[in-house]
Amino acid sequence: MCWVCDEYGDGTRWFLNPQNYARFMYTVKRPGDAPKEYGSDPEAQSGRILGEIMTAKMQDPEKFAELVKKANQRDMAFPKGPIQLAQTVTLDEAKEVCDISYPIAAMFCLCRHHVRAQEETNEHEYSCTGLGVGMFKSERWPERYKGGVHFMDADEAKEWLAKWDKAGFMHLLMTFGASPSGGPYMGGICNCSYPDCLAVRGRLDYGLELNALKGHYVAKVDYDLCNGCGICVQRCQFGALKFEVVKDRPNIDQFRCFGCGLCQSGCPQNAITMVERESFPALKEVW
Amino acid sequence: MIKIEIDASKCTTPFACKKCLQVCPQAVFMVAAAKVEKFKETDPKMPGNYFLWAHYIDKCTGCGDCVNVCPEGAIKLVLEEGSNG
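Chains as they are written, first to last, in the working numbering: chain A, 95 to 381; chain B, -11 to 73.
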């Protein structure tokens, strides 16, 4: 079983456990408390730790290996530790989240803002999805929520996620701090791609596992249904999918597969199925 | 080993300019607001409001595209012995 589900799922998948959406996300400010500086939030703290790790990669390879090993320990993830936890989900799983979470809002993507200086200033440009009460504080932090947020109902959110899936973005379920029930707090469904997603990049280029855990599925090709069109190859963000020239069919490295389902949703032949990760003896502990 | 030196006195509005950020094949650069304040949006056109740094420097191949594209001549590639890998 997925260790996050094991710990925070309460019998179901952790992101389907309503306790992890409990609305009291932030500590209540008491009179006399100093106002919090920007950068003291869990997201920024997590970012700083990962920044140190990247610096170490260049300057001190031994220290780098040590820091990565430490950062990959499960207790380092929210809510026990400081590192922002995220897991790959399929479009269908992301849609299920839309039925549980409230509110849901389209907002600008902070990663693309940082990495490619992408400007997303209104609902037609936004490419990220925020969940929960954090969305109500967008007016307080206009730099973090450029142009504000665009609230969506569950159906609109599902269509919105499908739009990004079609365009070739995979979904990461992001946590932002802890929920009062003791679990990670569900804060967003990102539409991600390499290299502009900081989380995907942290995982692929630096081996930071908690940043982007693999999902509950693994993709499998039916070689008879497949006609070798190659559309799936363009859609894989993880380098798991190559075109096997000899077979004239795609080849999925199931160890590298994150189970995002992009290859499946793009396949015109319906030749790709998402199989439960835990049905593979060698993959069930690979997250 | 490669270093990217950015002269902040020349590179003053990196978010608005964004040429190096978009041209880099390895997406090495990052840009961020120098200061984030409550109830205030940072204007990317105001000099000094945003700053640029080579965050993913270990991925830099030294191709020099950023140096060539920079309209201010603010980026310098410094090559030292040893590899990035």
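Glycine included, every Cβ here is placed at the ideal spot set by N, Cα and C.
Since the structure is predicted, the reported quantities are computational estimates derived from the model, not experimental observations.
Show which residues of chain B have a CB atom less than 9 Å away from the CB atom of A:PRO289. On the first sequence, position 195 is the one that residue 289 of chain A refers to. Simply GLN14, ALA15, TYR44 and LYS47.
Contacts of B:MET34 in chain A (Cβ-Cβ under 9 Å): As a working mapping, residue 34 of chain B is identified with position 46 in the second sequence. What B:MET34 touches in chain A: nothing, since even the nearest Cβ is about 13 Å away.
Quick one: does B:LEU9 have its CB under 9 Å from some CB of chain A? Translated into the one-based positions of the second sequence, residue 9 of chain B becomes position 21. Answer yes: the Cβ-Cβ gap between B:LEU9 and chain A drops below 9 Å somewhere.
Put A:ARG329 into one of helix, strand or coil per three-state DSSP. Walking along the first sequence from the start, residue 329 of chain A turns up at place 235. Note: A:ARG329 maps to helix in three-state DSSP.
My assumption, with CB atoms under 8 Å, is that A:LEU356 sits in contact with A:ARG329. Please give the rounded CB distance. On the first sequence, position 262 is the one that residue 356 of chain A refers to. On the first sequence, position 235 is the one that residue 329 of chain A refers to. With a Cβ gap of about 4 Å, A:LEU356 and A:ARG329 count as contacting.
Within the continuous beta strand (DSSP E) that includes A:CYS284, where are the two ends? Translated into the one-based positions of the first sequence, residue 284 of chain A becomes position 190. 278 to 286 is the extent of the beta strand (DSSP E) around A:CYS284.
Is there at least one Cβ from chain B nearer than 9 Å to A:ARG329's Cβ? Numbered from 1 along the first sequence, position 235 holds the residue referred to as residue 329 of chain A. For A:ARG329, the answer is no, since every Cβ of chain B falls outside 9 Å of its Cβ.
I'd like to confirm something about A:GLY105: is its beta-carbon nearer than 8 Å to some heavy atom of the ligand SAH, or not? The ligand SAH is absent from the structure shown, which contains no ligand whatsoever.
Quick check for students: name the residue ranges of the beta strand (DSSP E) that lie wholly in the stretch 205 to 245 of chain A, counting only runs of 3 or more. 222 to 225
Assign A:GLY360 to one of three DSSP states: helix, strand, or coil. Counted from its first residue, the first sequence places residue 360 of chain A at position 266. Helix.
In this structure, how does DSSP classify B:GLU29 when only helix, strand and coil are distinguished? For the purposes of this step, residue 29 of chain B is identified with residue 41 of the second sequence, where counting begins at 1. Here B:GLU29 sits in coil by DSSP.
Please report how far the alpha carbon of B:LYS33 lies from the alpha carbon of A:ILE143, in whole angstroms. Position 45 of the second sequence, counted from the first residue, corresponds to residue 33 of chain B. Position 49 of the first sequence, counted from the first residue, corresponds to residue 143 of chain A. Roughly 30 Å separates the two Cα atoms.
Residue environment, A:ARG295, which counts as buried when at least 16 other CB atoms sit within 10 Å: What you label residue 295 of chain A is simply residue 201 of the first sequence in a count that begins at 1. Its Cβ being crowded by 16 or more others within 10 Å, A:ARG295 is buried.
Stretch-stretch touch, CB-based, cutoff 8 Å, three pairs: the stretch 268 to 278 of chain A with the stretch 164 to 183 of chain A: yes
C-alpha gap between A:GLY282 and A:LEU255, whole angstroms: For the purposes of this step, residue 282 of chain A is identified with residue 188 of the first sequence, where counting begins at 1. For the purposes of this step, residue 255 of chain A is identified with residue 161 of the first sequence, where counting begins at 1. About 12 Å.
Three-state secondary structure assigned by DSSP to A:MET268: For this step, residue 268 of chain A is matched to residue 174 along the first sequence. A:MET268 falls in the strand class under three-state DSSP.
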